[in-house]
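Colleague: I'd like to ask you about the structure that follows.
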Amino acid sequence: MNSGKAWSIAKKDLRSELRSREGATTLVFLSLLILFVFRGILDPRLGARDPALVAGILWATFFFVGTVGVAGTYGRERDRGTLEGLVLAPGGAFAVYLGKLAATAALTVAVNSLSLLFLGVLFNYDFGGVIVLVWLVMLAGTLGFLSIGSVIAALVRGARSRDALITILLIPITLFSIVMPSVSATAALLGGSGTLTSNLYTMVPATVVFVALAYLLFPFVLEE
Amino acid sequence: MPSGFESLSIALALTYVGIFGYVLYLHVVQRRLQREVAIVQEALRAGGKK
Amino acid sequence: MKEGDRWGPMLSVAWLGAGLVHVALAFLWAPDPRSTSWADPIAFRIFFFHVPLAWSGYLAFGIVFAASIVFLRTRNARWDHLAVASAGVGVVLISLALVTGALWQEAETGEYWRWDDARLFTTFVLWLVYLAYVALRSTGEGGEGEARMAAIYGIVAFASVPISFFSVRLLPALHPPPGSREYMTPVFVAVLLVGVVVFTLLYLLLLRHRLALLKQALTLEEAKQSLEGA
Numbered sequence: 002m003n004s005g006k007a008w009s010i011a012k013k014d015l016r017s018e019l020r021s022r023e024g025a026t027t028l029v030f031l032s033l034l035i036l037f038v039f040r041g042i043l044d045p046r047l048g049a050r051d052p053a054l055v056a057g058i059l060w061a062t063f064f065f066v067g068t069v070g071v072a073g074t075y076g077r078e079r080d081r082g083t084l085e086g087l088v089l090a091p092g093g094a095f096a097v098y099l100g101k102l103a104a105t106a107a108l109t110v111a112v113n114s115l116s117l118l119f120l121g122v123l124f125n126y127d128f129g130g131v132i133v134l135v136w137l138v139m140l141a142g143t144l145g146f147l148s149i150g151s152v153i154a155a156l157v158r159g160a161r162s163r164d165a166l167i168t169i170l171l172i173p174i175t176l177f178s179i180v181m182p183s184v185s186a187t188a189a190l191l192g193g194s195g196t197l198t199s200n201l202y203t204m205v206p207a208t209v210v211f212v213a214l215a216y217l218l219f220p221f222v223l224e225e
Numbered sequence: 027m028p029s030g031f032e033s034l035s036i037a038l039a040l041t042y043v044g045i046f047g048y049v050l051y052l053h054v055v056q057r058r059l060q061r062e063v064a065i066v067q068e069a070l071r072a073g074g075k076k
Numbered sequence: 041m042k043e044g045d046r047w048g049p050m051l052s053v054a055w056l057g058a059g060l061v062h063v064a065l066a067f068l069w070a071p072d073p074r075s076t077s078w079a080d081p082i083a084f085r086i087f088f089f090h091v092p093l094a095w096s097g098y099l100a101f102g103i104v105f106a107a108s109i110v111f112l113r114t115r116n117a118r119w120d121h122l123a124v125a126s127a128g129v130g131v132v133l134i135s136l137a138l139v140t141g142a143l144w145q146e147a148e149t150g151e152y153w154r155w156d157d158a159r160l161f162t163t164f165v166l167w168l169v170y171l172a173y174v175a176l177r178s179t180g181e182g183g184e185g186e187a188r189m190a191a192i193y194g195i196v197a198f199a200s201v202p203i204s205f206f207s208v209r210l211l212p213a214l215h216p217p218p219g220s221r222e223y224m225t226p227v228f229v230a231v232l233l234v235g236v237v238v239f240t241l242l243y244l245l246l247l248r249h250r251l252a253l254l255k256q257a258l259t260l261e262e263a264k265q266s267l268e269g270a
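The listed protein sequences derive, respectively, from chains A, B and C. Just so we're aligned, residue 2 is where the first sequence starts under our numbering, counting upward by one. Just so we're aligned, residue 27 is where the second sequence starts under our numbering, counting upward by one. Just so we're aligned, residue 41 is where the third sequence starts under our numbering, counting upward by one.
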């Protein structure tokens with residue numbers, strides 16, 4: 002595996018992302034939209050009474066953004082027909098995977114960080130000192146989700162109804178291994194029941210396994 | 027809450043109805059496909075004769 | 041393609057016989073009246089059907105998993121056919137397992153579902169996996185591309201089931217209920233094993249049926265293509 006290649010792919014992706022701003026804007030607006038919807042239907046003082054609800058809203062936003070982000074990463078590439086070029090260049094499929102994962106993760110984590118800010122403002126919610134840990138859990142969950150989300154997005158990039166497929170295919174895989182532990186860990190941090198560490202013990206190994214699966218299968222995924 | 031015996035009967039019935047239903051479904055689809063194959067093969071023969 | 045299927049009817053009748061024996065055993069088995077392992081000893085017999093159904097559902101997707109791996113390496117379409125057929129049969133079996141599981145759960149506790157039952161939960165996850173796999177295969181792409189996509193997904197999704205299972209063990213809200221093992225008498229286990237064997241045979245018979253259907257569909261495709269070519 003050529004780490005130089007992975008790094009250059011990541012940089013290239015991020016650069017084109019920042020230049021076009023198309024993907025980033027979409028994600029930020031999506032985040033605001035989701036939060037506004039929840040704001041509209043819920044009591045703004047909810048945080049004080051229900052940490053699980055805050056955690057749920059946060060992660061609904063994070064995962065929506067993650068799904069759209071990863072669909073965009075491989076969808077745009079596909080529409081422009083540039084993915085084949087990446088594969089042919091020396092360095093291996095896993096380098097492509099890592100590079101794109103890094104770029105997507107950077108973008109998604111940035112938007113999710115903004116979401117934390119938006120939620121605080123919209124709901125007048127004060128995270129307090131625990132914000133750092135909440136951010137770290139967001140990082141872990143986002144990475145876990147994207148690690149396998151990239152594989153699925155790349156897999157179905159050529160299919161009809163690929164966006165719907167991505168969600169359908171991701172649910173069985175990530176619901177209990179990444180999604181629920183993320184929500185549970187965040188809720189625990191915000192004052193609810195449950196522990197942080199037991200959830201991390203789930204998410205981190207799951208992410209490792211997903212990356213390993215990507216290592217084994219990405220060459221097949223990238224075939225045309 | 028239905029009695030234990032009711033639950034058992036429902037479970038049993040659903041299981042076997044489910045199995046037979048699936049077998050029936052496979053049968054029906056197979057017959058339809060066989061008919062279609064026959065039609066196409068007939069068309070091929072007719073085309074060959076021309 | 042032979043018109044008649046000499047073995048089919050014989051095997052089906054033989055299976056029906058075995059199935060009947062299994063049902064009889066399930067009814068003849070008597071629980072220890074002093075045992076407190078369950079709320080309703082009659083409904084508990086659902087176990088003898090739920091467990092074998094779940095087992096064959098797992099087996100079916102295990103075959104999908106194995107066939108997918110072999111397909112990716114050999115690109116021989118036969119393995120893809122095996123995966124499709126096995127998934128088709130498995131979806132039926134796992135759905136029945138889920139329904140019987142819920143019925144049993146309801147008889148035991150009054151609720152149709154409990155997240156803290158690890159077995160019920162894993163069956164549910166596998167059911168979701170099946171649905172996703174079937175959804176993927178019905179996009180109508182067809183051919184090598186679809187086979188490859190499905191094979192990769194089959195592998196990933198199957199690998200994720202144990203991951204989900206271990207997550208549940210650790211999630212604080214989903215502790216498995218303290219189970220009493222006193223009902224695991226040798227007789228109980230024997231009847232259960234009979235069930236497992238019977239339903240494994242069922243899976244194999246249904247698979248055979250489903251593969252025949254697949255072959256028929258392929259024959260039709262070929263015939264249609266010759267027609268267009270002529």
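We put the beta carbon where it would ideally sit given N, CA and C, even for glycine.
Whose CA, out of M189(C), A158(C) and A172(C), lies closest to the CA of S207(C)?
Modeller: Of the candidates M189(C), A158(C) and A172(C), the one whose C-alpha sits nearest the C-alpha of S207(C) is A158(C).
Colleague: Can you tell me which of the three DSSP states W69(C) falls into?
Modeller: W69(C) falls in the coil class under three-state DSSP.
Colleague: Does the Cβ of V66(B) have 16 or more other Cβ atoms within 10 Å, making it buried, or fewer, making it exposed?
Modeller: Burial call: buried.
Colleague: From D80(C) to V43(B), what distance separates their C-alpha atoms?
Modeller: Whole-angstrom Cα-Cα distance: 24 Å.
Colleague: Could you tell me how far apart the beta carbons of S114(A) and T208(A) are, in whole angstroms, since I believe they sit closer than 8 Å?
Modeller: Not confirmed; about 19 Å, so no contact.
Colleague: Taking 8 Å as the limit between beta carbons, can you name the residues of its chain near M41(C), skipping five residues before and five after?
Modeller: Its pLDDT being 37, under 50, M41(C) is placed unreliably by the model, and nothing is read from it.
Colleague: To the nearest angstrom, how far is it from the Cα of G59(C) to the Cα of V238(C)?
Modeller: Distance between the alpha carbons of G59(C) and V238(C): 6 Å.
Colleague: Could you tell me the alpha carbon to alpha carbon distance between A117(C) and S52(C), rounded to whole angstroms?
Modeller: Between A117(C) and S52(C), the C-alpha separation is close to 28 Å.
Colleague: Closer than 8 Å, Cβ to any Cβ of chain B: which residues of the stretch 81-115 of chain C, in chain order?
Modeller: For the stretch 81-115 of chain C, which is checked against every Cβ of chain B, the residues closer than 8 Å are P81, I82, A83, F84, R85, I86, F89, H90 and L93.
Colleague: Starting from T179(C), follow the alpha helix (DSSP H) in both directions and report where the run begins and ends.
Modeller: Element bounds for T179(C): n/a, residue is neither H nor E.
Colleague: Count the CB pairs spanning the stretch 127-145 of chain C and the stretch 81-99 of chain C that are closer than 8 Å, and state whether there are at least three.
Modeller: Contact between the stretch 127-145 of chain C and the stretch 81-99 of chain C is present, because at least three Cβ pairs lie under 8 Å.
Colleague: Does the structure place the stretch 216-223 of chain A close enough to the stretch 174-185 of chain C that three or more beta carbon pairs sit under 8 Å?
Modeller: Counting Cβ pairs under 8 Å, fewer than three are found: no touch.
Colleague: Does any heavy atom of the ligand GDP sit closer than 8 Å to the C-beta of V222(A)?
Modeller: Looking for the ligand GDP in the displayed structure turns up nothing, as the structure carries no ligands at all.
Colleague: Taking all protein chains shown into account, decide if K12(A) is buried (16 or more other Cβ within 10 angstroms of its Cβ) or exposed.
Modeller: Result: exposed.
Colleague: Measure the alpha-carbon distance for G129(A) versus L197(A) and round it to whole angstroms.
Modeller: Answer to the nearest angstrom: the Cα atoms are 17 Å apart.
Colleague: Does the stretch 135-146 of chain A come close enough to the stretch 179-192 of chain A to have 3 or more Cβ pairs within less than 8 Å?
Modeller: As far as the Cβ criterion goes, the stretch 135-146 of chain A touches the stretch 179-192 of chain A, which means the pair count is three or higher.
Colleague: So with CB distances below 9 Å, who are the chain C contacts of S148(A)?
Modeller: Within chain C, no residue comes near S148(A); the closest Cβ sits about 11 Å away, beyond 9 Å.
Colleague: Between T149(C), I103(C) and T114(C), which lies nearest to A127(C) when the distance is taken from Cα to Cα?
Modeller: When each option's Cα is compared against that of A127(C), the closest is I103(C).
Colleague: Please state the DSSP three-state secondary structure of N113(A).
Modeller: In the structure shown, N113(A) sits in a helix (DSSP, three-state: H, G or I).
Colleague: Let's test the definition: count the other Cβ atoms within 10 Å of the Cβ of V122(A) and tell me whether it reaches 16, buried, or not, exposed.
Modeller: Exposed is the call here.
Colleague: Considering only the beta carbon of each residue, do V124(C) and L171(C) sit closer than 9 Å?
Modeller: Contact flag unset, no.
Colleague: What residue does the alpha helix (DSSP H) around G192(A) start on, and which one ends it?
Modeller: Counting along the chain, G192(A) falls outside any alpha helix (DSSP H), and DSSP gives it neither H nor E.
Colleague: Using 8 Å as the cut-off, can you tell me whether the stretch 20-38 of chain A makes contact with the stretch 54-74 of chain A, which would need three or more C-beta pairs spanning the two stretches below that distance?
Modeller: Flag = yes, the stretch 20-38 of chain A and the stretch 54-74 of chain A touch.
Colleague: In terms of residues, what are the limits of the alpha helix (DSSP H) holding Y152(C)?
Modeller: No alpha helix (DSSP H) holds Y152(C); DSSP gives it neither H nor E.
Colleague: For A66(C), which residues of its own chain have a beta-carbon under 6 Å away from its beta-carbon, when the five flanking residues on both sides are left out?
Modeller: Around A66(C): R85 and F88.
Colleague: Can a CB atom of chain C be found closer than 9 Å to the CB of A56(A)?
Modeller: No, its Cβ sits nowhere closer than 9 Å to a Cβ of chain C.
Colleague: Could you pull the start and end residues of the alpha helix (DSSP H) that D164(A) belongs to?
Modeller: First-last of the alpha helix (DSSP H) with D164(A): R163 to T175.
Colleague: Given a limit of 7 Å on CB to CB distance, which residues of the stretch 155-177 of chain A reach chain C?
Modeller: The stretch 155-177 of chain A vs chain C, Cβ under 7 Å: L156, V157, G159, A160, R161, S162, L166, I169, L170, I172, P173, I174 and F177.
Colleague: Can you tell me where the alpha helix (DSSP H) with L246(C) in it begins and where it stops?
Modeller: Where L246(C) is concerned, the enclosing alpha helix (DSSP H) stretches over P226 to G269.
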